[in-house]
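Undergrad: I'd like to ask some things about the structure below.
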Amino acid sequence: MPAPAIIWFRQDLRLEDNPALAAAAEAGPLVALYILDETRGVRPWGGASRWWLAESLAALEKELRRKAVPLILRRGPAARVLGEVVAETRAKSVHWNRNYEPYAIRRDKAIKAELAKRGIEATSHNAALLFEPWTVKTQAGEPFKVFTPFWRALQGLPEPPRPLPAPRKLEKAYRQPRSDRLADWALKPVKPDWAAGFGNFWQPGEAGARQRLEEFLAGHLALYHEMRDRPDLSATARLSPHLHWGEIGPRQIWHAVKAQAIASGDLVPPRAAESFLRELAWREFSHYLLFHWPRLPSEPWKPEFGRFLWRNDKAGFAAWQRGRTGYPIVDAGLRELWDTGWMHNRVRMIAASFLVKHLLIAWQEGEAWFWDTLVDADLAQNAASWQWVAGSGADASPFFRIFNPVLQGEKFDPQGAYVRRWLPELAQVPIEFLHKPWTAPPTLLAAAGVVLGRDYPEPVVDHALARERALAAFETLRQGVAGRPVRRTSRAREPSKARQ
DNA sequence: TGAAATGTTGGGGCG
DNA sequence: ACGCCCCAACATTTC
192 MPAPAIIWFR QDLRLEDNPA LAAAAEAGPL VALYILDETR GVRPWGGASR
242 WWLAESLAAL EKELRRKAVP LILRRGPAAR VLGEVVAETR AKSVHWNRNY
292 EPYAIRRDKA IKAELAKRGI EATSHNAALL FEPWTVKTQA GEPFKVFTPF
342 WRALQGLPEP PRPLPAPRKL EKAYRQPRSD RLADWALKPV KPDWAAGFGN
392 FWQPGEAGAR QRLEEFLAGH LALYHEMRDR PDLSATARLS PHLHWGEIGP
442 RQIWHAVKAQ AIASGDLVPP RAAESFLREL AWREFSHYLL FHWPRLPSEP
492 WKPEFGRFLW RNDKAGFAAW QRGRTGYPIV DAGLRELWDT GWMHNRVRMI
542 AASFLVKHLL IAWQEGEAWF WDTLVDADLA QNAASWQWVA GSGADASPFF
592 RIFNPVLQGE KFDPQGAYVR RWLPELAQVP IEFLHKPWTA PPTLLAAAGV
642 VLGRDYPEPV VDHALARERA LAAFETLRQG VAGRPVRRTS RAREPSKARQ
């Protein structure tokens with residue numbers, strides 16, 4: 192009888208297109224293992240991530256049980272736990288899918304070496320990316336620093352392999368190690384149960400991911416290009432948490448979108464499919480950047496931002512976190528985040544821009560809040576996207592590109608449905624004033640049941656002043672005077688009368 | 001994957 | 001009828 196093989200599940204909580212699972216199943220009877228590693232040096236999962244993880248593990252456990260394989264849950268330092276499980280099961284091989292985060296790369300390398308010493312074969316596979324990050328290079332052999340050439344380079348590469356089917360049959364190892372009980376890990380919040388409503392929005396697990404993809408392909412893909420920036424329309428795929436946890440892989444999405452675009456011909460214009468695949472490539476680019484610049488999560492990619500003086504503004508940060516900045520589109524986004532663990536991409540950009548540029552609060556603080564509250568919180572994507580907004584990242588939005596939250600609201604939530612949904616206190620305010628309630632006559636607001644400062648806050652900063660302040664702060668980067676604001680050389684402008 | 005300031009143009013009111 | 005001015009509307013530049 193062949194020796195058992197361990198499939199070590201990590202962020203690949205699926206049976207389909209899971210090369211490590213396929214290889215382990217090929218190698219011997221299975222031990223299916225998940226390790227919760229909360230030791231020092233490992234960034235702890237945020238609260239929303241823990242909720243999702245609990246649900247997703249339960250779903251995976253169920254899928255595996257249908258194939259008569261138990262999911263073994265263990266807690267502790269991954270290297271030690273894996274060593275113990277190898278000893279307990281007398282497994283001869285371990286398979287996992289690669290994670291490209293700097294900590295995971297170091298850890299996995301050490302584990303591989305340690306197992307090799309004991310004569311155990313350890314094999315890693317790619318389940319998370321369309322292309323291995325080290326295979327995509329400029330002509331000069333350097334990693335790409337700009338998205339568009341990166342995207343063009345991807346299109347020149349051979350198509351990513353077709354996804355593997357789920358193994359039809361699995362054989363479980365006779366000797367199964369002991370397992371923790373999922374409930375004992377206490378991953379979900381109890382008091383207060385802020386995740387109580389999450390189940391209305393999400394179905395974690397492989398089946399939920401597949402369903403989400405199918406609904407998107409059948410419905411919104413055709414409109415994706417036109418509607419993707421409209422948070423009121425729910426025109427995006429909402430696959431991000433499923434992708435983050437590996438309940439579905441990018442290869443599955445890539446091929447499904449292409450097949451759908453071809454099958455439905457005119458109904459799905461090439462533009463729509465292309466525009467969606469481009470977003471998948473942005474995900475790829477984030478992971479690629481993290482692989483090549485491992486300090487991306489903590490340090491500005493553009494070193495000159497290291498001396499930028501961010502403001503320490505506890506009150507401003509708290510107002511932002513709670514969705515009480517007084518700018519409805521910003522606040523609606525942060526409330527959506529709190530209530531659902533997710534925020535529409537357009538609104539993420541607006542809300543992030545507001546924190547970094549209007550409040551001049553360091554992007555790292557926003558990154559940490561998103562890390563704790565997003566069900567799709569992902570080290571690479573979170574860091575790359577915040578740095579993009581802040582202007583310190585690769586191919587970043589220039590610092591002087593400052594979103595006007597009123598105009599953004601009017602443009603992308605034209606009827607105000609999104610704001611009204613997440614800010615019920617403003618539900619009766621007419622659209623004319625909805626995105627800028629401080630400009631409304633107080634009698635009109637009163638008729639809508641709103642007193643500013645009581646039911647909904649006054650703006651925490653004036654947009655025009657905040658914009659000037661941000662542009663002035665930007666000068667300190669350009670002129671290279673460390674830590675000291677530089678007098679503007681351009682002529683002074685009249686202060687805005689926007690709020691008078 | 002902007003916004004605001006500045007510049008240009010052309011139609012219409014009006015002396 | 002003509003030129004002047006005003007000012008949307010659009011284009012360009014700057015941050």
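Each step along the first sequence adds one to the number in the working numbering, with nothing skipped, and position 140 is 331. Glycine residues also receive a C-beta, built at the ideal position from the N, C-alpha and C atoms.
#1: Can you confirm whether the stretch 416 to 425 touches the stretch 528 to 543 when touching is taken to mean that 3 or more C-beta pairs between the two stretches lie within less than 8 Å?
#2: Helix, strand or coil, according to DSSP, for Tyr518 in the structure here?
#3: With DSSP as the reference, label Phe335 as helix, strand or coil.
#4: Return the CA-CA distance between Leu251 and Ile197, expressed in angstroms with no decimal places.
#5: May I ask which residues mark the beginning and end of the beta strand (DSSP E) holding Phe200?
#6: Which word fits Ala223, buried or exposed, when buried means at least 16 other C-beta atoms lie within 10 angstroms of its C-beta?
#7: Tell me whether the beta-carbon of Ala319 lies closer than 8 Å to the beta-carbon of Gln202.
#8: Please state if the CB of Asp208 and the CB of Gln443 are separated by a distance shorter than 8 Å.
#9: Could you pull out every residue in the same chain whose Cβ sits closer than 6 Å to the Cβ of Ala428, ignoring the five residues on either side in sequence?
#10: Under 8 Å, do Gln572 and Ile520 count as touching if we go by C-beta distance?
#11: For the beta strand (DSSP E) that contains His478, what are its first and last residues?
#12: Taking DSSP as the reference, what is the three-state secondary structure of Thr427?
#13: Which residues bound the beta strand (DSSP E) around Asn595?
#14: To which residues of the same chain is Glu246 closer than 6 Å at the C-beta, ignoring the five residues directly before and after it?
#15: Would you mind sorting Gln578 into buried or exposed? The rule is 16 or more other CB atoms within 10 Å of its CB.
#16: Using a Cβ-Cβ cutoff of less than 7 Å, which residues in the same chain neighbour Trp560 once the five nearest sequence positions on both sides are dropped?
#17: Could you check the C-alpha separation between Ala377 and Gln367 for me, to the nearest Å?
#18: What three-state label does DSSP hand His411 in the structure shown?
#19: Does Lys363 come out as helix, strand or coil in the three-state DSSP assignment?
#20: Write down the C-beta distance between Gly607 and Ile622 rounded to the nearest angstrom, noting that I regard them as a contact closer than 8 Å.
TA: To lay it out plainly:
#1: yes
#2: coil
#3: coil
#4: 16 Å
#5: Ala196 to Phe200
#6: buried
#7: yes
#8: yes
#9: Phe407
#10: no
#11: Here His478 belongs to no beta strand (DSSP E); instead the alpha helix (DSSP H) covers Pro461 to His483.
#12: coil
#13: Element bounds for Asn595: n/a, residue is neither H nor E.
#14: Pro395
#15: buried
#16: Gln512
#17: 23 Å
#18: coil
#19: strand
#20: 5 Å
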